[in-house]
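K.L.:
My questions all concern the structure below.
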Amino acid sequence: MPELPEVETIRAGLARHVLDATVVGLDIRRDSALRRQDGGRTEFTDRLLGCHFTAAVRRGKFLWLTLSGADEVAAALVIHLGMSGQLRLGSPPSSHSRIRFDLSFPDGRTEVLDFVDQRTFGYVAVRDLVPTADGLPGGLGSDRPQVPDLAAHIARDLLDPHLDRTDLVHRIRARQTGIKRALLDQELVSGIGNIYADEALWRAGLHYARAAHRLRSAEVNRLLDHASEVMNESLAAGGTTFDELYVNVDGDAGYFARALAVYGRTGANCPRCDTPIVREAFMNRSSFRCPRCQRPPRTRR
DNA sequence: CCCGGATCCTGCTGGC
DNA sequence: TGCCAGCAGGATCCGG
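Using my numbering, the letters of the first sequence correspond one by one to residues 14 to 314.
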């Protein structure tokens with residue numbers, strides 16, 4: 014399940030391997046992978062063929078390759094991995110490959126880039142770039158103040174040097190909802206998914222249902238520090254690989270799964286106090302927590 | 001406007 | 001052994 018560290022690992026891989034590559038061929042194997050493409054496969058093909066990639070950029074879980082070519086409008090190939098999307102370079106054919114990109118490099122070398130996606134929540138699309146609301150760079154990997162229209166509503170993430178932390182804390186505390194729901198809201202702060210939300214809450218000793226507006230600024234700041242710390246640690250380990258639905262562009266797994274304290278560890282002992290970790294349904298998904306380190310809030314009546 | 005629940009999808013797993 | 005319910009969860013859509 015790619016969250017910020019996994020998407021960033023993939024972005025860095027693309028930045029290393031496909032910049033300056035020209036798209037010389039496309040094999041669209043499943044139309045639904047283009048469901049966010051205006052004009053469908055025709056427009057996708059027309060806008061992409063002959064372009065080359067100029068930068069690999071990321072904001073939260075959104076990834077894009079900026080394009081240079083015949084198109085007069087600034088555009089990018091937007092990639093959202095959903096929950097099982099992968100980008101693979103020079104990998105053997107996969108039955109879950111949705112789009113294949115034939116790339117040609119200035120030195121004459123060729124390579125195939127595959128968008129692989131088992132559970133099909135991911136998508137790719139060529140979209141226009143629009144100015145950022147704050148005039149600051151659109152994401153990690155580019156100095157241009159532009160983002161794809163599709164990602165214009167997505168907030169900056171915790172690894173973004175232009176994130177306004179004071180404003181973020183203020184906006185989280187203005188929410189009439191539980192703290193985990195706020196952490197997962199990509200319009201508040203992007204990049205955090207179920208895994209890193211649970212890990213950050215465990216590190217901070219907070220229950221997922223604690224009311225966001227009842228937390229002190231210092232508590233929210235501490236929680237965000239933990240979230241950014243756990244994601245940086247994961248990034249250093251190449252991300253979290255559970256069930257092989259996440260690998261980097263070279264097909265390698267990440268090693269952070271072994272460092273998780275609570276996520277997916279039902280019945281295992283809390284690393285801090287040895288109490289068995291519990292799993293609970295919350296927001297239509299699983300939440301893992303230590304029942305001792307993360308006590309439920311008293312319900313108001 | 002804000003909040004929260006339902007929904008899309010596929011493949012694997014566990015229970016009977 | 002075979003079948004089927006349940007589970008995994010990104011973002012988005014819609015109703016209250």
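Glycine residues also receive a C-beta, built at the ideal position from the N, C-alpha and C atoms.
None of the values given here were measured: they were computed from a predicted structure.
Going along the chain, which residues of its own chain have a beta-carbon closer than 6 Å to the beta-carbon of residue 210, five neighbours each way excluded?
P.N.:
193, 196 and 197
K.L.:
For residue 182, which three-state DSSP category applies?
P.N.:
helix
K.L.:
Going by C-alpha to C-alpha distance, which of 142, 230, 80 and 138 sits closest to residue 44?
P.N.:
138
K.L.:
Would you identify the three-state DSSP class for residue 245, choosing helix, strand or coil?
P.N.:
helix
K.L.:
Please classify residue 92: does DSSP put it in a helix, a strand, or coil?
P.N.:
Here residue 92 carries a strand assignment [DSSP, helix/strand/coil].
K.L.:
When the Cα atoms are used, what is the spatial distance from residue 27 to residue 245?
P.N.:
19 Å
K.L.:
Flag this pair as yes or no: are the beta carbons of residue 77 and residue 161 separated by less than 8 Å?
P.N.:
yes
K.L.:
For the alpha helix (DSSP H) containing residue 30, list its first residue and its last residue.
P.N.:
17 to 30
K.L.:
Which one of 240, 67, 133 and 295 has the shortest CA to CA distance from residue 119?
P.N.:
67
K.L.:
State the DSSP-derived secondary structure class of residue 240, mapped to helix, strand or coil.
P.N.:
helix
K.L.:
Unbroken alpha helix (DSSP H) runs of length 4 or more, entirely within the stretch 163 to 234: which are they?
P.N.:
For the stretch 163 to 234, whole alpha helix (DSSP H) runs of length 4 or above, ordered along the chain, are 178 to 186, 192 to 197 and 207 to 217.
K.L.:
Evaluate the contact criterion for the stretch 166 to 176 versus the stretch 106 to 121: three or more CB pairs, one atom per stretch, below 8 Å.
P.N.:
no
K.L.:
Can you tell me the Cα-Cα spacing of residue 61 and residue 90, whole angstroms?
P.N.:
8 Å
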